[in-house]
Amino acid sequence: MEIIITPDYEAMSKMSAVVIAREVKRKHDLVLGLATGDTPIGTYRELAKLHKEEGLDFSKVTIFNLDEYLGLAPLNKNSYNYFMWENLFKHVNVSQHKIFVPQGNTDDPEEFSEWYEKQILNVGGIDLQVLGIGGDGHIGFNEPGSSFASRTRVKGLYEQTIKDNARFFDKEEDVPRFAITMGVGTIMDAKKILLIASGEGKADVCKEFIEGPVTSQITATALQLHSYAIVVLDEKAASKLERKEYYNWVRDNKHVVEKRIGR
Ligand code: GLP
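Residue 99 in my numbering is what sits at position 85 of the sequence shown, and the numbering runs on without skipping anything.
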């Protein structure tokens, strides 16, 4: 994993938007996997800015979102579909028929999950998957114990996740207990992965998933087994990393090698 430590939330947002924009420019019909949560809001703001000010073109990009609460209709204000429209889709020129977000109010979540996987395959797989990380180390809604081979399916939410996400709802009881989520296996099939994290609250889990042992109890540790994963953190989220100086040294010196291999 390439670990990039940035000074603060703003810098993390800018850096992650640059990584995404680089891929969009490289492949106009990029298949982009996206995440929700507070963490990527700044990244999406930066992408909207790049679209507005520099003409970053999303017209041929296909988007697959990671997850959705089971039972919430797409227009529900707490749905991830609504979140994505508010924070990104309506600010860029992504074409509506190229947007895929799991349908929370589907009658048949199992059939829907299979259909979702097929749609990803039909467009040749995800090129770049953007991730945040939950307090319990989840990616998507792959709660502790999720198999690394798991595919899109319904997952029951862990107590900590319900508590963490209660801030978006009127009361904790309103947080749905289930979600449809891409599996760890679905995420790992993406050609490239970008995980972003910020704030002190994520420091422990970032140390665990970057420097701890690989375990399905912290599903983000699966990224240690991926061939192309970039992690962009702010200082606070990186504050408990033991090998911080090493990561910074690599970041500051990798151009020496990149030049030689002509990247
Ligand atoms: C939810 C989402 C995750 C996200 C996590 C962290 O549980 N399913 O995809 O990474 O929240 O959210 P935040 O960025 O608000 O800390």
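Positions of the beta carbon are idealized from the N, C-alpha and C atoms, including for glycine.
Bridge partners - residue i, DSSP secondary structure assignment
i, result
"residue 169", "193"
"residue 20", "248"
"residue 211", "247"
Whole-angstrom distance between residue j and residue i, CA atom to CA atom
i, j, result
"residue 34", "residue 160", "27 Å"
"residue 77", "residue 84", "20 Å"
"residue 39", "residue 70", "8 Å"
"residue 254", "residue 121", "44 Å"
"residue 136", "residue 113", "14 Å"
"residue 65", "residue 151", "32 Å"
"residue 102", "residue 138", "23 Å"
"residue 48", "residue 81", "9 Å"
"residue 63", "residue 32", "11 Å"
"residue 95", "residue 104", "12 Å"
"residue 117", "residue 234", "24 Å"
"residue 267", "residue 261", "10 Å"
"residue 125", "residue 155", "18 Å"
"residue 207", "residue 15", "10 Å"
"residue 187", "residue 231", "25 Å"
"residue 194", "residue 210", "21 Å"
"residue 142", "residue 185", "35 Å"
"residue 50", "residue 22", "19 Å"
"residue 221", "residue 205", "24 Å"
"residue 196", "residue 133", "12 Å"
"residue 174", "residue 149", "7 Å"
"residue 165", "residue 203", "10 Å"
"residue 270", "residue 115", "40 Å"
"residue 59", "residue 239", "30 Å"
"residue 25", "residue 61", "13 Å"
"residue 130", "residue 249", "36 Å"
"residue 140", "residue 73", "17 Å"
"residue 243", "residue 30", "12 Å"
"residue 214", "residue 251", "5 Å"
"residue 258", "residue 245", "13 Å"
"residue 179", "residue 18", "27 Å"
"residue 88", "residue 119", "8 Å"
"residue 158", "residue 189", "18 Å"
"residue 45", "residue 256", "34 Å"
Local conformation of residue i per DSSP, three classes
i, result
"residue 232", "strand"
"residue 218", "helix"
"residue 64", "helix"
"residue 51", "coil"
"residue 46", "strand"
"residue 206", "strand"
"residue 186", "helix"
"residue 239", "helix"
"residue 258", "helix"
"residue 12", "Here the chain covers residues 15 to 277 and nothing more, so residue 12 does not appear."
"residue 56", "helix"
Host alpha helix (DSSP H) of residue i (start-end)
i, result
"residue 32", "23–40"
Residue interval of the beta strand (DSSP E) (run including residue i)
i, result
"residue 199", "No beta strand (DSSP E) contains residue 199, which is instead part of the alpha helix (DSSP H) from 198–202."
Chain D contact for residue i (CB, 8 Å cutoff)
i, result
"residue 82", "The chain inventory of the structure shown lacks chain D, comprising one protein chain alone."
- Message: Just to confirm the assignment: which complete beta strand (DSSP E) runs, minimum length 3, are found wholly within the region 71–117?
- Response: For the region 71–117, the full-length beta strand (DSSP E) segments reaching 3 residues or more read 76–79 and 81–83 along the chain.
- Item | Whole runs of the alpha helix (DSSP H) within the region 120–177, excluding any shorter than 4 residues | 123–136
- Whose CB is closer than 6 Å to a heavy atom of the ligand GTP? List the residues in chain order. For the ligand GTP, the structure offers nothing, since it holds only the ligand GLP.
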